[in-house]
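A.B. asks:
2 protein chains.
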Amino acid sequence: MAILTAAKKVFTHKGYSAARMEDIAREAGINRALLHYYFRSKDRMFDLVFEQRIREFFVGLAQIMSRPLPLFDKIRAIVEHDINMILVQPDLPIFIMQELTQSPDRLIAVAKNSGIGPATMMKAFRAQVKEAVDKKLIRPIEGGQLLINIMSLCVYPFVAKPMIKAVQDLDDDQFDKMIRKRRQEVPEFIIDAIKL
Amino acid sequence: MAILTAAKKVFTHKGYSAARMEDIAREAGINRALLHYYFRSKDRMFDLVFEQRIREFFVGLAQIMSRPLPLFDKIRAIVEHDINMILVQPDLPIFIMQELTQSPDRLIAVAKNSGIGPATMMKAFRAQVKEAVDKKLIRPIEGGQLLINIMSLCVYPFVAKPMIKAVQDLDDDQFDKMIRKRRQEVPEFIIDAIKL
DNA sequence: TTATAGTTTAACTAAATTGTTAAATCAATT
DNA sequence: AATTGATTTAACAATTTAGTTAAACTATAA
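Residue numbers (the numbering used here), protein chains in the order written: chain U, 805 to 1000; chain D, 805 to 1000.
Right, dumping it as structure tokens:
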């Protein structure tokens, strides 16, 4: 629905508090009255958007993590998926992080409704990493730590985009090139870090 | 000043839009009238806080980066400094990132006032990395990318704290332990990734 | 043509929030 | 005790925002 798309855009970009119903209406090309006609309140609207965005962030990842792939291939797949996903919606991570730090319970609620099952996905990944460690394919490392490393290297550059642009003196074009380079280099960086 | 400390706390935790003058007053143990008596407006107050926080984030880092240390030692020093800094003020990174994405110009303004000189610090670091590459001490990598990797691995876990806690099913205590483990493991992870 | 669903307009209420002000109060200093 | 500066109280104005409502309008389909 067009209105939800507009709400998604505005909420994601500005966050709940800074987002105005008027902004959303304008973005959707309609007026405030109609907004309230369809979605009773700002809160209801936000809940819908937030749940959707959380799912967008996790579903693809969870799916890849439970695929039967060799560890190194899986790392490559995760990195590529993450960076590609965020490339087309750069505001997504910081939106989720920001709203989540202010009300962490939200995630639990969403996780219960949707069948994301983070526990399952983590369990499988941990086992796979442990096996690779036992077989002396990689240095000792916990699956949890490895996943954090992977996500860090993928997500953080987008979260810190304005800082990076300033510190490294890049324009938007150069920043984009830098990210594309990361898509190639980051998987090998990780693999080099763990392989024996 | 006690009021600024309170403002720092509230702004950092809630962000500009969600922070209320009333919150700050309560946190400082005074009333709204006095807040406006000392700092004319919310905006003025925020500007002061924001500039201070940006400095806190960068000053230590810039100082370490321009110290004459061997590359691997420098990496260890940066990681330790970053993680220690954020451990005592976990809300800092996401606050900076959030406010910066909404008005990226702020950073430029602050950078001009203070003598942070990000360009200088980057130039030195880039040169040091290039030298290590040329001497075949490490695999080919750009200084810019390496710094992003270092910062990612340090900062992201804090930014994503509620997500990580949910996905990996950790309580606050376990999360803390996990971070402390990272302080040891991350530098070696990075060094293993680049060393030949 | 008429009925209907969707949409707009415009006015409104209610609440929250920032900012201001004058007078009262308090605490320390002279 | 009197003065001074800091602080509180309490009321207020101005603005922003969410949310509501009734009436008018529009396009489409029966």
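No residue lacks a Cβ here, since even glycine has one placed at the ideal position from N, Cα and C.
CA-CA distance, D877/U and A936/U?
C.D. replies: As a working mapping, residue 877/U is identified with position 73 in the first sequence. As a working mapping, residue 936/U is identified with position 132 in the first sequence. Those two C-alpha atoms are separated by around 13 Å.
A.B. asks: Measuring only between beta-carbons, confirm whether P961/U sits less than 8 Å from chain D.
C.D. replies: Counted from its first residue, the first sequence places residue 961/U at position 157. It does; some Cβ of chain D falls within 8 Å.
A.B. asks: Can you name the residues that DSSP bridges to K999/U?
C.D. replies: To locate residue 999/U, count along the first sequence from 1; it is residue 195. According to DSSP, K999/U bridges with I942/U.
A.B. asks: By how many angstroms is the C-alpha of R910/U removed from the C-alpha of A931/U?
C.D. replies: As a position in the first sequence, residue 931/U is number 127, starting the count at 1. As a position in the first sequence, residue 910/U is number 106, starting the count at 1. Cα to Cα, the separation comes out at about 28 Å.
A.B. asks: Measuring only the C-alpha atoms, how far is F993/U from A970/D?
C.D. replies: As a working note, residue 993/U is residue 189 in the first sequence. As a working note, residue 970/D is residue 166 in the second sequence. Rounded to whole angstroms, F993/U to A970/D spans 27 Å at the Cα level.
A.B. asks: Give me the residue from L1000/U, M805/U and V963/U with the minimum Cα distance to L891/U.
C.D. replies: Counting from one through the first sequence, the residue named residue 891/U turns up at place 87. Minimum Cα distance to L891/U is reached at V963/U.
A.B. asks: Starting from the beta carbon of R986/D, find every residue of chain U whose beta carbon is closer than 8 Å, and list them in chain order.
C.D. replies: Position 182 of the second sequence, counting from 1, holds the residue named residue 986/D. Here the neighbours are Q949 and I952.
A.B. asks: Compare the C-beta of A936/U against all C-beta atoms of chain D and say whether one is closer than 8 Å.
C.D. replies: As a working mapping, residue 936/U is identified with position 132 in the first sequence. False, the Cβ-Cβ gap to chain D never drops below 8 Å.
A.B. asks: Does any C-beta atom of chain D lie closer than 8 Å to the C-beta of R824/U?
C.D. replies: Working through the first sequence from its first residue, we reach residue 824/U at position 20. Closer than 8 Å: no.
A.B. asks: Which residue spans inside the stretch 846 to 910 of chain U form an unbroken alpha helix (DSSP H) run of at least 4?
C.D. replies: Counting whole runs of 4 or more residues, the stretch 846 to 910 of chain U contains the alpha helix (DSSP H) stretches 846 to 869, 875 to 892 and 896 to 906.
A.B. asks: Determine the DSSP secondary structure at I807/U, reduced to helix, strand or coil.
C.D. replies: Here residue 807/U refers to the residue found at position 3 when the first sequence is read from its first residue. Helix at I807/U.
A.B. asks: Cβ closer than 7 Å: which chain U residues qualify as neighbours of P922/D?
C.D. replies: Position 118 of the second sequence, counted from the start, is the residue given in the question as residue 922/D. What P922/D touches in chain U: A970 and V971.
A.B. asks: Would you kindly work out how many angstroms separate the C-alpha atoms of D977/D and R984/D, rounded to a whole number?
C.D. replies: What you label residue 977/D is simply residue 173 of the second sequence in a count that begins at 1. What you label residue 984/D is simply residue 180 of the second sequence in a count that begins at 1. Whole-angstrom Cα-Cα distance: 11 Å.
A.B. asks: Which residues in chain U have a C-beta closer than 8 Å to the C-beta of M955/D? List them in chain order.
C.D. replies: Working through the second sequence from its first residue, we reach residue 955/D at position 151. By Cβ distance, chain U contributes Y960 and A964.
A.B. asks: Assuming N953/U is part of the alpha helix (DSSP H), what are its boundary residues?
C.D. replies: Along the first sequence, one-based indexing puts residue 953/U at 149. Residues G947 to V963.
A.B. asks: With distances taken from CA atoms, which of I952/U, Y820/U, L974/U and A811/U is nearest I882/U?
C.D. replies: One-based indexing of the first sequence puts residue 882/U at position 78. The option with the nearest alpha carbon to I882/U is I952/U.
A.B. asks: Tell me whether D886/D is buried or exposed, calling it buried when 16 or more other Cβ atoms sit within 10 Å of its Cβ.
C.D. replies: Within the second sequence, residue 886/D is the residue found at index 82, counting from 1. Buried, because 16 or more other Cβ atoms sit within 10 Å of the Cβ of D886/D.
A.B. asks: Does the Cβ-Cβ distance between S870/D and M925/D come in under 8 Å?
C.D. replies: On the second sequence, position 66 is the one that residue 870/D refers to. On the second sequence, position 121 is the one that residue 925/D refers to. Yes, the pair counts as a contact, with Cβ atoms nearer than the cut-off.
A.B. asks: Would you verify that the beta carbon of M889/D is, or is not, closer than 8 Å to some beta carbon of chain U?
C.D. replies: Counted from its first residue, the second sequence places residue 889/D at position 85. Cβ-Cβ to chain U under 8 Å: no for M889/D.
A.B. asks: Measure the Cβ-Cβ separation of R986/U and Q949/D and say whether it is below 8 Å.
C.D. replies: The count along the first sequence starts at 1 and reaches residue 986/U at position 182. The count along the second sequence starts at 1 and reaches residue 949/D at position 145. Contact flag set, yes.
A.B. asks: How is E974/U classed by DSSP in three states: helix, strand or coil?
C.D. replies: Translated into the one-based positions of the first sequence, residue 974/U becomes position 170. It should be pointed out that residue 974/U corresponds to Leu in this sequence rather than to Glu. Of the three classes helix, strand and coil, the one that applies to L974/U here is coil, per DSSP.
A.B. asks: Looking only at its chain, what residues have a beta carbon closer than 8 Å to the beta carbon of T816/D, apart from the 5 residues adjacent to it on each side?
C.D. replies: Working through the second sequence from its first residue, we reach residue 816/D at position 12. Closer than 8 Å at Cβ, skipping near neighbours: V853, R857, Q893, D895, L896 and F899.
A.B. asks: Figure out for me which residue from D973/U, K934/U, Y842/U and P961/U has the closest Cα to the Cα of K927/D.
C.D. replies: Position 123 of the second sequence, counted from the start, is the residue given in the question as residue 927/D. Checking every option, the nearest Cα to that of K927/D belongs to D973/U.
A.B. asks: Could you work out which residue in A997/U, L957/U and L1000/U is closest to M982/U when comparing CA atoms only?
C.D. replies: Taking the first sequence and counting its residues from 1, the one referred to as residue 982/U is at position 178. Cα-wise, what sits closest to M982/U is L957/U.
A.B. asks: Establish whether the CB of M967/D and some CB of chain U are separated by less than 8 Å.
C.D. replies: Translated into positions along the second sequence, residue 967/D becomes position 163. Yes, M967/D lies at the interface with chain U (some Cβ there is under 8 Å from its Cβ).
A.B. asks: Once the 5 residues before and after V959/D are set aside, which same chain residues still bring their CB inside 6 Å of it?
C.D. replies: For the purposes of this step, residue 959/D is taken as the residue at position 155 of the second sequence. These residues qualify, in order along the chain: P897.
A.B. asks: Pull up the CB-CB distance for I807/D and A832/D, whole angstroms please, since I reckon it's below 8 Å.
C.D. replies: Here residue 807/D is taken as the residue at index 3 of the second sequence, counted from 1. Here residue 832/D is taken as the residue at index 28 of the second sequence, counted from 1. Rounded, the Cβ-Cβ distance is 5 Å, consistent with contact.
A.B. asks: Tell me which same chain residues have a C-beta within less than 6 Å of the C-beta of Q902/D, skipping the five on either side of it?
C.D. replies: Position 98 of the second sequence holds residue 902/D. If we look at Q902/D and ignore the five residues flanking it on each side, its Cβ neighbours are G819.
A.B. asks: Among A829/U, S821/U and L865/U, which one has its Cα closest to the Cα of Q906/D?
C.D. replies: Position 102 of the second sequence holds residue 906/D. The shortest Cα separation from Q906/D among A829/U, S821/U and L865/U belongs to S821/U.
A.B. asks: On the DSSP letters alone, give me the boundaries of the alpha helix (DSSP H) that R830/U sits inside.
C.D. replies: Within the first sequence, numbered from 1, the residue matching residue 830/U stands at position 26. Residues M825 to A832.
A.B. asks: From Q988/U, L1000/U, F861/U and R824/U, pick the residue whose C-alpha is nearest to that of D938/U; which is it?
C.D. replies: The sequence position of residue 938/U within the first sequence is 134, counting from 1. Checking every option, the nearest Cα to that of D938/U belongs to L1000/U.
A.B. asks: Would you verify that the beta carbon of E989/U is, or is not, closer than 8 Å to some beta carbon of chain D?
C.D. replies: Numbered from 1 along the first sequence, position 185 holds the residue referred to as residue 989/U. Taking Cβ atoms only, chain D reaches closer than 8 Å to E989/U, which makes this a yes.
A.B. asks: In terms of alpha-carbon separation, which member of F929/D, I945/D and P966/D lies closest to L873/D?
C.D. replies: For the purposes of this step, residue 873/D is identified with residue 69 of the second sequence, where counting begins at 1. The shortest C-alpha separation from L873/D is found at F929/D.
A.B. asks: Inspect the beta-carbon positions of P966/U and L865/D and report whether they are closer than 8 Å.
C.D. replies: Start at 1 with the first residue of the first sequence, and residue 966/U comes out as number 162. Start at 1 with the first residue of the second sequence, and residue 865/D comes out as number 61. Cβ distance not < 8 Å, so P966/U and L865/D don't count as in contact.
A.B. asks: Would you report the Cα separation of P922/D and G947/D, rounded to the nearest angstrom?
C.D. replies: Stepping through the second sequence from its first residue, residue 922/D is reached at position 118. Stepping through the second sequence from its first residue, residue 947/D is reached at position 143. Approximately 13 Å between the Cα atoms of the pair.
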